Structure formats: C-alpha cells, structure tokens
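What follows is a single structure, written as structure tokens, with notes after it.
Numbering (this note's numbering), first residue to last: 8 to 514.
Printed below as a string of structure tokens:
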C-alpha cells in the first residue's frame, strides 16, 4: 500500500509539472506574438508616412522583381497605344517564278507561236512589326525597316480594329518612320524624357513578337549611348535593355514605370536571331526630333561640320602628348567645310561642344547632327599642349555615297616596313586611282600585312595609304624607315587614308 501511495504521489507531481510547463509556454508564446504584432504594426505605420514610398501607378517600393510587384496598371495604361503593323513590300530584285509551262515545247506546239508571253512579276513580301500612337490625330512612330519600300501599310489596334496607314516620312539614318491613320478617340502614349533615364531603371517592352498578339516583357536599362554599327552610316544613340525583344517587336514601345514612352525598340544583338538579353531602343528624345521634322518637311535636317573623327585610346593619347584619352581626335578636315573655316586642324582633339564634354566620337557626331544647320557651335579643342575655343557655323549633312573606291591590286612584295610587318610601295598616280586618293598624293601604299604582326594587331589593311609617321609626312621608303628608327622602340603614330577617309593608328 505504501508503494502504491508513493507511486501515485510521483505520478501526480510529474503531471503537475508537465501541465505547469505547458501553461508557461503558452503564456510566453502569446506575449511574444503580441510583441511581434506591435512591432510590425509600428513598421507599417512608419512605411505609410515615408517619403520613399512609391505611390505612382501603385508600383510598390523595393525590389522591382519581387513577387508582390505588379505592372498591371502600367500595362493597362500603355498597351492600347501599341499597334501591329503589316506592310506589303514589293521586292523588285526578286522577280518571282514563271509558269512551268511557259517554255514547255508541247504547250508551245499546241498554242502555236502566238502563245501569250507570261511576264515575271516582282515578289511581294509581307513585313510584320509594331508601332506606337503618340498623337491623338493618329500619328504613329515605328522603325523605318518595318515599312521601307512598302506599297501598302495596315495598322491594327489592340481591339482588332484595322486602318489603312499613310507613310508620312521615313528616315533610314535613324531607322525611324512616321505613319498616319484616320480614327476617333485613339489611345496615345506620352513621350517621356529619355535623357533622364538612368542605367538600372526598370522598363517594359510592349510589342508583337514572332507574329503573336501583343506581348509585354520587363527588364532594366543596361546601358545608354550605345552604337551597334548594324546600320551602316546611321545615327545611333541606343538605350540598351535586357527586356526580352524578338522579331516583330521592331517599332514597339519601351516604357518606364510612369507609363511614358522612353524608346522605340529597334534592334537585338544575338548569334541565333533570338533574344539573349541584349536589345536596343531609339531614345524618345531622338524619335521626337525626327518625327517633328518628318511631319513638318517630310525629311530630317542635320548639322554637319565636315571633319573626320575617331576615338582616342591610351596609345594615341600618348602620341599626341595627352595625359588621358578624353575627347575625340580629328583625323581629317574637308576643304571648304565649316571645320576648315573655323580653323580646325588635323590632329586636334575636340573635348567639348558648347561647354559640354564629349564622351566619344558617336556622342560628338550625334550632338552635331541634332543641331540645326546654320547654327553656330563653340568647340573646345586641345592642340600642341594648349586648350583653345573655336566657333563653327554648321552646314547641312548630306548622306555620302555608298560606293567606295577600289583597293590597290598591286602584287608588290617588297617589305621595307618589315619591322612592323608591312610591305610598302611608293604611291603612283595609277595606284592612287585604285585606292581612292588624289593623283598628287604623297605617301606609301600597304601592299601586304603579315599575319600576327604588329601592323595587323593595329588594324592596318592592304590598300591603306600611309601619309604620316609620327606626325611627319612620309613620301619615300627611307622617310618611313627613319620614322620607325626614330621611335626608339615606342609605338609609331601613323596617319592612314583608307577608302576615302583618314584615321590615326598606332603600331
């Protein structure tokens, strides 16, 4: 009996302790939950009064790729103004196919020599792209390459309404075109200020890729001021984005988180032809300038200064006695041009236009081009170790001919520039005609560039004409050898004429 009573007391004590422990845990948990709730309530209250809270279009602050983020309000605002463009383009270089019976002897015998002759008809291609309505009167921005050569253009809205479109004007140099449709209560997308766009800003690309209906993708601005060189001779100042862009997106909208148009999607860079996250859009400010001129005059007027330019690198900078590679090097000045009249000389380095620094040759070219002809611009240049300011009145830019001069066909193998990996020959009037320089030009023609040589690494090519070495004229092989030996192992600064233009190279 005593053992039984003892066991009962032990059981009772254990049960009591267990119940007490559970009660303490429950009470502690409730207290902790209340404390956490209070802290979170205070945090939410503070967030609601913070100046950093994003209120515009209900886009939440923080990581734009967070699962709680929605771009639905932006898309709802912007997408109705993005249209599908279908263009019928007649390819006159492809005559299509004739009937297989046209030259069949049996059919000719049956119908006789009076058989009507079938004419080959040019092939009609059907281009598909996108566009953006930017004015309530039906003005649409798109890419030139979407409608170039089109005989018929049809615009389809997001609600499937279709309109025949008129081509107001095209500008191949910026790859922009302006269309016009007649409609009422058309949706529009406001033009934003692309100059205020920053690398890292979130953007949406809206268009009609690969024949699908309207599609929206998101990304960021990856870079600004890009030039791809994919459109020869064009004026490029692209916004680069990783928002997925594919074929059919051309001419579509790149919008910011305010729902404003900041770019016209134009190109992608891809080895496969599909999106790999490197897309390019024409900035809205450039598009606006081009559009206004096309609407007003049907063409674009651009400023021109009449000089050849190239980017500096550390070796070129050292060759011109510069402490850094900032600015743009002048490698030629056209006779009678605004540049010559202003006093610009070959070898000058332009560092600023109207007091604003230039970053590279593409930046300078675009800045001059977007300035109206007849305007006077102030150029800050660096010459012979000194900075000075010149004024130039711009002429109007004329697109150069696409036909370039032929290269030298001489088979001379004499290697008087062997130390650089070059074979050279003194220029003659006959050779000058082949390489596109004046018959009275003094210089040396590159007849061969050795594989793996210093000359090849520097970019010299067969047919180049070397005019100067270390800023001194070279009209003979001896003068070239003297310039090389006088460099004492340092890079040789060469002024080269190539297919009608001049540039500096260091070897």
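We treat Cβ as the ideally placed atom computed from N, Cα and C, and that holds for glycine.
The structure displayed is predicted, hence computed values, not measured ones.
Helix, strand or coil, according to DSSP, for residue i in the structure here?
i	result
residue 436	helix
residue 223	strand
residue 398	strand
residue 501	strand
residue 326	helix
residue 357	strand
residue 468	coil
residue 74	Because residue 74 sits at a pLDDT of 44, beneath the cut-off of 50, its placement in the model cannot be relied upon, and the point is left open.
residue 442	helix
residue 216	helix
residue 154	helix
residue 449	coil
residue 295	helix
residue 301	helix
residue 233	strand
residue 488	helix
residue 203	helix
residue 194	coil
residue 457	coil
residue 93	strand
residue 405	coil
residue 172	coil
residue 339	strand
Determine the contact status of residue i and residue j, defining contact as a CB-CB distance below 8 Å.
i	j	result
residue 158	residue 97	yes
residue 175	residue 169	no
residue 196	residue 139	yes
residue 271	residue 369	no
residue 351	residue 397	yes
residue 431	residue 456	no
residue 331	residue 324	yes
residue 353	residue 340	yes
residue 253	residue 217	yes
residue 250	residue 225	yes
residue 360	residue 386	yes
Can you grab the Cα-Cα spacing for the pair residue i / residue j, in whole Å?
i	j	result
residue 470	residue 450	12 Å
residue 491	residue 153	52 Å
residue 513	residue 220	52 Å
residue 393	residue 355	10 Å
residue 283	residue 91	23 Å
residue 187	residue 144	8 Å
residue 439	residue 313	23 Å
residue 248	residue 500	38 Å
residue 57	residue 78	Any reading at residue 57 must be qualified, since the residue scores a pLDDT of 38, below 50, and its modelled position is unreliable; the value itself is stated next. Distance between the alpha carbons of residue 57 and residue 78 is about 22 Å.
residue 463	residue 489	21 Å
residue 273	residue 448	42 Å
residue 209	residue 502	44 Å
residue 180	residue 367	19 Å
residue 390	residue 285	39 Å
residue 474	residue 267	51 Å
residue 81	residue 223	11 Å
residue 479	residue 141	55 Å
residue 520	residue 255	Only positions 8 to 514 of the chain appear in this structure, which leaves residue 520 out of reach.
residue 194	residue 148	13 Å
In or out: residue i buried (at least 16 other Cβ within 10 Å) or exposed?
i	result
residue 131	exposed
residue 382	exposed
residue 137	buried
residue 320	exposed
residue 303	exposed
residue 171	exposed
residue 435	exposed
residue 343	exposed
residue 373	buried
residue 178	buried
residue 309	buried
residue 206	exposed
residue 338	buried
residue 505	buried
- If we count Cβ pairs, one from each stretch, closer than 8 Å, do we get three or more for the region 287–297 versus the region 185–204? With a cut-off of 8 Å, the region 185–204 and the region 287–297 count as touching, because enough Cβ pairs lie within range.
- Message: Would the region 297–304 count as touching the region 244–251 if we require 3 or more Cβ pairs under 8 Å?
- Response: Judged by Cβ distances under 8 Å, the region 297–304 makes no contact with the region 244–251, as fewer than three pairs qualify.
- Would you call the region 211–228 and the region 260–267 touching, i.e. three or more CB-CB distances under 8 Å? Enough Cβ pairs lie closer than 8 Å, so yes.
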